[in-house]
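Heads up: the sequence shown begins at 1 in full-length UniProt numbering, then just goes up one per residue.
Inspection log for the structure reproduced underneath, given as structure tokens.
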Amino acid sequence: MGPERLPAHEELQEMLRGKLRIQQANSTELSALVEELSAHLVAVDSEDRVIFVTFKAFEEVWKFTTYFTHCMEHLLFDHKMWLLSLENRLGIEVSTPEDTLHVIYTWVLMQEGTFIQRGRYPVKNVFSKLIILLYSATGTCVAATRYDAEGPDELSVSPDDRIIIVGRLVSCHDWFLGMKEETREAGLVRTSQVKPSDSGLSVLFFVFSEGPSAPVQPDFLENTARLLDGQKHRSPQCVCTRTQEEAMDPVEGQRAEAPCFTVQPAEERQRTESTTFLLSFLKGREYKDEFGAFYILSPELVSSSIFCGHSCEDELISFLSVARETARKKQLLWSQTRLCFLLGKFSAAKSKFSQARVYFEEALGVPRETFADLRLLASIYSNLAGVYLLQKNRASFFGMSERLAALLMGTPYCLECVKESSVLEHALKRAILSQNAMAEARACYLLARHHWIQKKRPKVVPYLERLLVLCAGAQGKSSVSPSRGHLTLGRLHREMGLRHLSICSAGSALLHPSATLTDGLSSLLLVSDNTTDRDSFPAHVAPYLHRCLSLSDSQGAPGHERRSVLKHRLALCLSQLFYQHGMLGHAIRLMRALIGAAPSSPDMAEHKIALIWLAWLHIHDLEPNVGLHILDTVLDALPQHWLVLNMRGVALGCMGDIRRAAESYHAAADICQEYEDTPNWAVALANLGLLCLKVGAKGLAQKHLMESVRLFSALDGGHETTFIAVLLQLGQHCVKEQRMHYGKGCYEWALLLAIKANLSDCQLTAVRRLCHLYEWESPDRARRIIYSQYQVQLLHGTPDREREGDVQEAISQLFLSLATHRAYRAALDHTKSSLAIFIDLGCKEKEAYGWLQAGKLYHLLGQVELVELYVQVAQDVALSTGDTKFILKLLEAAGDVFFNSSQDRDKAIMYYRDRALPIAAKSGAASSRLRLCNKLTEVMLNLQLYGEAVEFAHTALDISITLGQHLNERVAYHRLATLYHRLGQCELAEHYYLKTLSLCPAPLQFDEEALYYARVYRTLGDILFYNLKEPFDAAGYYHLALAAAMDVGNKKWQLVLCTRLATLYHNFLMDRQLSLFFYKRSRGLAAELNVRRMNTAVDRASVAVY
């Protein structure tokens, strides 16, 4: 499956593709999400934007298609997209191939076909086509025929009797709960024996909550405001005054407790007085709260909590049997009924099902009037149906299930008396087979509420999900609040540990048209509970804050002041999200809209906080004059408020008004000192110190910063972020002053504080400062490696993966510089880690360099068989970018791998000449072409390929002349001279050497230049003397070389040249005087340099060759 359409913005599209590439490389998070959706991840194709999943059941397909889109948004969206989505409605569109989905549905139905066929049975027709079309009805109806009740649970009716429908009349059920309009008697009525009254039946969808929905209550608003003010660790259950769960959950702790009955000994049981109290308590047709314990509690709890004085359960059963017999004799019918029910429960608990069935049937048949205690009737039905099911009496089970379902349809409060869900499941199946959506919805609601009461929360989820689907498709009037249903579903998912589904449900609740302000705030609380970082709101909370703001405008809240407090804090939180992520313009517009929307009381604290925050935003947006104007307005009302004074100092400092800024900081510090507000005193002093640094008062700045550090260090905690910022500023000042020891101490102290407080952002900042310190200010390769590796650990848990890859590559370079086999191995590991990250992010240029770096490291490790493979992959990645400049740069770097090596240098020629040079020539990159020609000349010269090197040397010379680069021109002339010398073309060699010397600067600037003259002139002398056999001209070059050597003061060179000249004048020029002169000079230099006497014979092998 894959999206058909991505956001129009190309940058956002590329961001989503990058996130998908990351999931393709490491699908752990995506796989966990898909597992939450009950599906199974097969593969991810980021290029085609396709995700392959498999399913095993129909429910998995439905859950996946329902939740996947919202889950993927939470997985792939970053903070920028969440914040932009408030205005542009950005989102991910997921499309599923319909044909593939149809095949999956068919396969699932084929697998489950036998079960569907087994459950099929005919649905009875009911009293008229009108009622069939209505499916469900409330109001009154009229008896069509006479019916005599067969038991006290049924209602006898005569023709034309008006019957009030209690709860719902559902067409697919045989019975419904009715009440005679005249006598007010209630009982079960057959659906087939009634017809609509003249006034007709009103069609109404089921009621989700039996009570009215709760308004926005003051406590809820106050608690929500407290959450927005920073206490977001509170759970929604703690702050909501009434939630959907409360509507579904029975009220515990309010049920009246039954009195405790004493079981008489066996010899006293025949006395009438022993059971009088119990019989008196159990009599009465109406329900009493004290009866609830008998109906709801298990037999074990009834035996232990309501009865006492018995040694075993059998003794209690004997006592109840005596009481039952007494009630029968005294005609206490309702006491007898309830005692039969109790005896039936105890018999069923002992697996005496036949005996239990007799007791339950007796309980149904004893009364002479209709049941008014419907909880008792529901309990009897439920237990009797369970017995029929265990005895495999299908006919009786279905009949009893119909009665119980009809009773529960009208009286859902009786659910607490039902222990098993089989009857409700049977009712649900009938509703589905009848295609009665309203009956299905009512059954889903009853099943969800039943499992909620039984504390089986995971079993609530499927019924609640189906209920919400039915609500969405309902055409008639519905009293259900889908928004609250989604909230309940979200809380259930959170309890089950399904974080993504919980957030999706909260989003559905928030965006539903039925959402109220209470629902919006509850959604916000639910999402905050699913957030791992409890210190601040994440970016994906922005839509919830924005929606709550809209609801607060449209729906309002009781009390103008509370409404203003809530609205201000919602806007403040949303504005802070914009501020945290660099969207200052959005934050300012939001706060200005809030302040200008409705005039607030100038004395209201929230209004002043909003103004102060707006001023701070303007200061950060490089508008300090606007911020100062706002602060002056607030200062008129709060003249002694240190925060306003402190911020005024910041604004004035940004405007360059140093004197007034210092006065404002001093005033803030004095107020804090007076009121012993140590944390804010330290902040004011730190700001004053930074102001002093700005104007160059370093001593005063250090004094204030040190005092601020002293104050912070005396605090117990809770101010670590500000303390760390002050330490980093002080450390930076010490480093600039070359007080490295103090700077290191401040940085390391800041890092330790950040680690202790678990502040990852502060840890990253401190570690980066330490890495910079050990790289530039106080070079220490080992410590830089340690801190860089820790920086990688911190970055690994953040979205900034590109930064993590850059740090990995920097560590690789550090290990490479150690130049040991073990260091090369470590460098290779880090290079591969960075390479994997760049591949995931789609950073093609960095990926190409990563492949190339890996190839270089394999070359250094001697694994030559892998080198060309990695270099080739780097070249392919570079070519895929289509960037000619980058391709050329990488091909040159690939050649450098072999050029800078002592082996396989000939392979550099392939990358320089065959690959890089044609691209440089075609693209007109003259500088790159010049550099490549120089490198080719050098490598061919070393490989003794002199003839081929001449061509590239001439090309380098021509390009250098064209570009006007005199240094490169000199180098080209020198290399041409060297090449022609090696080729034996001495006249050309002399010519190019002289051209080289003509380009040298005059006068000489460095000693190295004079030494270069000496070498070139000596080489020229050797060429003329040895090759061209012209000793007179050779002597002239030797003299020039000697002069250059004397100028630089190099006595070794003087010794060699004097020896040459002495030999030349003695053997060839026949000048005894000069020969003797240079001979004495050489003897003196040799003695001075402690060199043995040199041979003056004309032997070229004995003369040092340049």
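Every residue, glycine too, gets a C-beta built ideally from N, C-alpha and C.
Predicted model, so just to flag it, every value in this text is computed and none were measured.
Annotated as distal: GLY596 and ALA615, with beta-carbon spacing of 7 Å or more.
Between the beta-carbon of LEU932 and that of ALA916 there is about 6 Å, and that keeps the pair under the 8 Å contact cut. When rounded, the separation of the alpha-carbon atoms in ARG801 and GLU990 is 59 Å. Taking GLN193 as reference, the option from GLY167, ARG184, CYS141, GLY151 with the minimal CA-CA separation is CYS141. A Cβ-Cβ contact shorter than 7 Å links GLY507 with HIS70. Taking the Cα positions, SER564 is about 18 Å away from TYR544.
Taking the C-beta atoms as reference points, ILE755 is found no nearer than 7 Å to SER788. Take the alpha-carbon of SER85 and the one of ASP529: they are about 22 Å apart. The Cβ neighbour count for ASN968, taken over all protein chains shown within 10 Å, is at least 16; the residue is labelled buried.
Distance between SER280 and THR326, taken at the CA atoms: about 12 Å. Comparing C-alpha distances from LEU549 to each of ALA32, THR518, ALA427, THR532 shows the shortest one belongs to THR518. Going by C-alpha positions, TYR1017 is about 13 Å away from MET1046. Secondary structure note for HIS821: its alpha helix (DSSP H) is the uninterrupted segment 821-841. Closest by C-alpha distance to THR28, out of GLU47, VAL42, PHE294, is VAL42. Contiguous alpha helix (DSSP H) elements confined to the region 656-696 occur at 658-674, 678-695, taking only those with 4 or more residues. When DSSP states are grouped into helix, strand and coil, LYS1051 belongs to the helix group.
Taking a contact to require three or more Cβ pairs closer than 8 Å, the region 168-183 and the region 408-425 qualify as touching.
Around the beta carbon of TRP642, a 10 Å sphere encloses 16 or more other beta carbons of the protein chains shown; the residue is thus reported as buried. The C-beta distance from LEU428 to LEU447 rounds to 6 Å, short enough to fall under 8 Å. In this structure, the straight-line span from the alpha carbon of SER347 to that of PHE353 is close to 7 Å. Rounded to the nearest whole angstrom, the CA to CA distance from ALA143 to ARG184 is 15 Å.
Looking at TYR147, SER171, HIS173, the one whose alpha-carbon comes closest to that of ASP161 is TYR147. By the C-beta criterion, the region 328-341 is judged to be in contact with the region 283-298, since at least 3 inter-stretch pairs fall below 8 Å.
Just so you know, the alpha carbons of MET604 and VAL423 end up roughly 59 Å apart. Assignment of CYS71 by DSSP, reduced to helix, strand and coil, places it in the helix class. LYS180 is bridged by DSSP to ILE163. In summary, LYS856 is buried, with 16 or more beta-carbon neighbours lying within 10 Å of its beta-carbon over all protein chains present.
The region 816-824 makes no contact with the region 765-778; the number of CB pairs closer than 8 Å stays below 3.
In the structure shown, CYS734 adopts helical secondary structure according to DSSP, grouped into three states. Residue ranges of uninterrupted alpha helix (DSSP H) with 4 or more members, entirely inside the region 430-482 and ordered along the chain, are 437-453, 457-472.
For the set VAL644, LEU551, ALA1086, CYS260, the Cα lying nearest the Cα of ALA509 is the one of LEU551. Counting the other CB atoms within 10 Å of its CB gives ASN680 a total of 16 or more, which places it among the buried residues.
Under the three-state reduction of DSSP, LYS352 is assigned to coil, being neither helix nor strand. Annotation for ASN934: ALA956 place their beta carbon closer than 6 Å to its own, counting only its chain and skipping 5 residues before and after. The secondary-structure analysis by DSSP pairs THR54 across a beta bridge with HIS40. When the beta-carbon positions are compared, CYS312 and THR262 stay at least 7 Å from each other.
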